[in-house]
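Undergrad: Shown below is the structure under consideration.
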Amino acid sequence: MKITILTGAGISAESGLGTFRSTDGLWAKYDLAKVATPEAFNRDPAMVHEFYNLRRKACIEAQPNPAHFALAELQRASPNVTIVTQNVDDLHERAGAKVLHMHGELMRARCVKCDRRWEAPVRMSAGDLCDCGAAARPDVVWFGESPYFIEEITHAVRGSDLFVVIGSSGKVYPAAGFVQIADKARVDTLEINLERNGQVFDRSIVGPATQTVPEWVRGLI
Ligand code: NAD
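With the working numbering, the residue at position 8 of the sequence shown is 2, and numbering never jumps.
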């Protein structure tokens, strides 16, 4: 069975990384328009780096949870499992999975000009430069920028037997539109979330990812 899985911030919530819409923690303290747009970086790179430095530190201190490990196990058991994540943390990889990071990676840096990419230091600063002399930025996709791997992901969703969304509110596009793409292609759809996100799926499993995801994977393999 070909399965495409889209994960969101909810899968890393129980590892201690706040979700986008958390009312406490890092996300509540910052105005997203001031830290997650190219305009914000042009205006105040030090402030944007500080926000991502704090997120990178939180990511380094966090550990993958049973939901990340279960998906890695599913991928090892079947060569036909594609995992796409909206998350910029590296918890899927640290659990042993291979994932497509459609919104980039906190642990990577890139040049604003020549698109060269490299491993990010724990702390980036406004003085960090690429070899070409242009500024270095976190390799994350900001509002107003195009997510990575869209063609590859759309192709995988359309060619799947099952499309699964785990821990995502379905509010950030284009990821939020994958379920409609799956539906149009007559692909079976499943939502695994803390609470139903309001989008239309064929089936839903409700509860914390650390319980629901390992249970669902056990039922498959
Ligand atoms: P979101 O914050 O909008 O929604 C999180 C979803 O996860 C909600 O539907 C919520 O009900 C669910 N959830 C919360 N705790 C859960 C749990 N324990 N188990 C299962 N589900 C749980 O996140 P999103 O839809 O991924 O979109 C937000 C954007 O913010 C994405 O683009 C993402 O890149 C970014 N983001 C990433 C991280 C990260 O990398 N860890 C963290 C926060 C935000």
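C-beta atoms are modelled at their ideal positions from N, C-alpha and C, and glycine is treated no differently.
Which residue wins for smallest C-alpha separation from S6, given the options F157, T76, E87 and K(-4)?
TA: Counting from one through the sequence shown, the residue named residue 6 turns up at place 12. Checked all of F157, T76, E87 and K(-4); the closest Cα to S6 is E87.
Undergrad: Would you identify the three-state DSSP class for R88, choosing helix, strand or coil?
TA: Position 94 of the sequence shown, counting from 1, holds the residue named residue 88. Of the three classes helix, strand and coil, the one that applies to R88 here is helix, per DSSP.
Undergrad: Identify whether W112 lies in helix, strand or coil by the three-state DSSP scheme.
TA: Indexing the sequence shown from 1 puts residue 112 at position 118. Strand, per DSSP.
Undergrad: Please return the same chain residues whose Cβ sits closer than 8 Å to the Cβ of A130, not counting the five positions on each side in sequence.
TA: As a working mapping, residue 130 is identified with position 136 in the sequence shown. A103, R104, C105, V106, M118, D122, L123 and C124.
Undergrad: Mind checking whether the beta-carbon of A3 lies closer than 7 Å to any heavy atom of the ligand NAD?
TA: Locating residue 3 in the sequence shown gives position 9, where the first residue counts as 1. Because some heavy atom of the ligand NAD lies under 7 Å away, the Cβ of A3 counts as near it: yes.
Undergrad: Grab the span of the beta strand (DSSP E) containing C53 for me, first residue to last.
TA: The sequence position of residue 53 within the sequence shown is 59, counting from 1. Segment P39 to E55 is the alpha helix (DSSP H) holding C53; no beta strand (DSSP E) there.
Undergrad: Reducing DSSP to helix, strand and coil, say where V134 ends up.
TA: On the sequence shown, residue 134 is found 140 positions in, with the first residue counted as 1. Three-state DSSP puts V134 in a strand.
Undergrad: How many Å lie between V93 and L100 at the Cα?
TA: As a working mapping, residue 93 is identified with position 99 in the sequence shown. As a working mapping, residue 100 is identified with position 106 in the sequence shown. If I take the Cα positions, the gap works out to 14 Å.
Undergrad: Quick check: what's the CA-CA separation for S72 versus P39?
TA: Taking the sequence shown and counting its residues from 1, one reaches residue 72 at position 78. Taking the sequence shown and counting its residues from 1, one reaches residue 39 at position 45. Answer to the nearest angstrom: the Cα atoms are 43 Å apart.
Undergrad: For a test of your reading of the model: does the CB of S154 fall under 7 Å from any non-hydrogen atom of the ligand SAH? Yes or no.
TA: Although the ligand SAH was asked about, the structure shown includes only the ligand NAD as ligands.
Undergrad: Since I believe I54 is in contact with V116 (beta carbons under 8 Å), could you give me their beta-carbon distance rounded to a whole number of angstroms?
TA: Residue 116 sits at position 122 when you count from the first residue of the sequence shown. Residue 54 sits at position 60 when you count from the first residue of the sequence shown. Right, their Cβ atoms sit about 7 Å apart.
Undergrad: Using 8 Å as the threshold, is the region 19 to 31 in touch with the region 136 to 143, meaning 3 or more CB pairs across them?
TA: Verdict: yes, contact present.
Undergrad: I want to know whether the region 61 to 77 touches the region 193 to 207 - three or more CB-CB distances under 8 Å.
TA: Yes, since at least three Cβ pairs between the region 61 to 77 and the region 193 to 207 fall closer than 8 Å, the two stretches touch.
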